[in-house]
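Take a look at the structure below.
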């Protein structure tokens, strides 16, 4: 008995509907599994995104790429690679104090004949020692003088100015508190506990007042660093959350610390590197436009809509956006880490080729970098775009891989901008490296105590991180800066002399 034609049509339609529902369910399951894997990896997995190009090539049935030369160890950049181990070979910095211990024989009489032996040489070895930090009291004595022959009163030298008027801390202690919190991630309540072990009991609010006073003196210098960053033709920009306590409500609001960095060293540029942070009580798109008012040039950023709006609003083309290959690469890495997808592996291999070229030309002049990119990177970029568009025809529209490919193609004009400018970088790792210490400090401190505390966070972190970019010891540098500013030795007209790229003689370099 045969099935009537109308019943066969109904059956076929039902099968098609079931297949479509099954495909949608499978896509949904794959999406949820990828989310679960990403959550587990964020909580329990390694934070590194390093992949082995050889293993990727083998998984795709290709010949693995040759290893890099022994004298060209790969950098820990967005393209992966293992950074060389840093080991001390026995050389300790010359500026450290040397304390000599003389170890001699109990007797210099010859054990054979008894005559006195004479020295024919010596062996010297150095070990790194530590003297635990100790507090001391700086006593200022101002004699009062009077003349016995006249009655013109008592004469006395004026009291020296201090950063905290009639307060306990010296400028050196203020610098220590700033660097401990904003450079080393040691929140104020822990610093108060350390002081308590030395017999000095201070409330955390007192330390907070000290930070506010120090940042008040340092704000003009902070403004100079921010102005220097705004004045460059290429700026890296990113942001990180900074929860801020709402006084009296017992809760925090969503604040943000925006970071803007410049670093021309990868193309042998002469502009001093610097990073400036700006606190904002929210993450609204108009914030970067307000922070960078007057900036003209190329902004190297991720795909945040606020940056895109800034590029659109500058109708004169004064701001161009260069997008980050590391962000696109990270998307493919997350898929590959969870599913071992050959498509994701292929994308990682292709992007890794760009980074291999960048490692070779890092530090060369912009003209050489541009020539190498046009000759070697441009064909690979064009091939990658063609490959990505072809993959979209084979992938489920709702899959993560298709989503990431569409993300890359939407941002393509900004991703390939580095091919026309040898001064641009492939990614925003320059500013991401400067944001990472902020995240460490935030994790320990949990939140800023107020919007004023967020602003102080921006001031102190700007100066500490910029000093480190120039190899300065931030504590010694901030101590010297505070002392000169408080004493009035530096005015607004010559404030630039205190910037970390114009070090004074007593501002020694960090080891």
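Residue numbers (the working numbering): 34 to 544. All C-beta atoms in this analysis are idealised placements derived from N, C-alpha and C, irrespective of residue type, glycine included.
C-beta atoms of residue i and residue j nearer than 9 Å
| i | j | result |
| --- | --- | --- |
| residue 402 | residue 463 | no |
| residue 266 | residue 327 | no |
| residue 272 | residue 259 | no |
| residue 387 | residue 459 | yes |
| residue 454 | residue 415 | no |
| residue 320 | residue 274 | no |
| residue 452 | residue 438 | no |
| residue 440 | residue 364 | yes |
Nearest-angstrom Cα separation, counted from residue j out to residue i
| i | j | result |
| --- | --- | --- |
| residue 413 | residue 383 | 8 Å |
| residue 11 | residue 513 | Outside the shown range of the chain (34 to 544) lies residue 11, about which nothing can therefore be said. |
| residue 220 | residue 138 | 50 Å |
| residue 524 | residue 250 | 12 Å |
| residue 181 | residue 187 | 10 Å |
| residue 347 | residue 357 | 21 Å |
| residue 263 | residue 483 | 26 Å |
| residue 473 | residue 480 | 12 Å |
| residue 337 | residue 343 | 10 Å |
| residue 325 | residue 280 | 30 Å |
| residue 126 | residue 511 | 21 Å |
| residue 301 | residue 128 | 29 Å |
| residue 442 | residue 299 | 27 Å |
| residue 305 | residue 522 | 24 Å |
| residue 224 | residue 410 | 50 Å |
| residue 255 | residue 184 | 50 Å |
| residue 175 | residue 517 | 21 Å |
| residue 218 | residue 207 | 16 Å |
| residue 142 | residue 132 | 28 Å |
| residue 161 | residue 447 | 49 Å |
| residue 228 | residue 333 | 43 Å |
| residue 354 | residue 532 | 29 Å |
| residue 49 | residue 56 | 10 Å |
| residue 296 | residue 201 | 39 Å |
| residue 59 | residue 340 | 36 Å |
| residue 282 | residue 193 | 41 Å |
| residue 375 | residue 83 | 17 Å |
| residue 526 | residue 307 | 21 Å |
| residue 285 | residue 253 | 29 Å |
| residue 477 | residue 215 | 11 Å |
| residue 501 | residue 418 | 39 Å |
| residue 145 | residue 152 | 17 Å |
| residue 203 | residue 65 | 56 Å |
Which residues DSSP lists as bridging residue i, in chain order
| i | result |
| --- | --- |
| residue 279 | 284 |
| residue 460 | Residue 460 pairs with nothing; no bridge assigned. |
| residue 188 | 178 |
| residue 293 | 270, 309 |
| residue 355 | 333 |
| residue 142 | 149 |
| residue 481 | 277 |
| residue 298 | Looking at the DSSP assignment, residue 298 forms no beta bridge with any residue, so it has no partner. |
Where residue i falls, given that 16 or more other Cβ within 10 Å makes a residue buried
| i | result |
| --- | --- |
| residue 196 | buried |
| residue 189 | exposed |
| residue 335 | buried |
| residue 135 | exposed |
| residue 226 | exposed |
| residue 222 | exposed |
| residue 406 | buried |
| residue 350 | exposed |
| residue 530 | exposed |
| residue 471 | buried |
| residue 535 | exposed |
| residue 248 | buried |
| residue 309 | buried |
| residue 373 | exposed |
| residue 124 | exposed |
| residue 499 | buried |
| residue 159 | exposed |
Any non-hydrogen atom of the ligand MG within 8 Å of residue i CB
| i | result |
| --- | --- |
| residue 305 | Questions concerning the ligand MG fall outside what the structure shown contains, since it holds no ligand whatsoever. |
On the three-pair Cβ rule with 8 Å, is the stretch 384-399 touching the stretch 422-430?
no
With a cut-off of 8 Å, do at least 3 Cβ pairs link the stretch 229-245 to the stretch 209-219?
yes
Is the stretch 495-505 touching the stretch 164-179, taking contact as three or more C-beta pairs under 8 Å?
no
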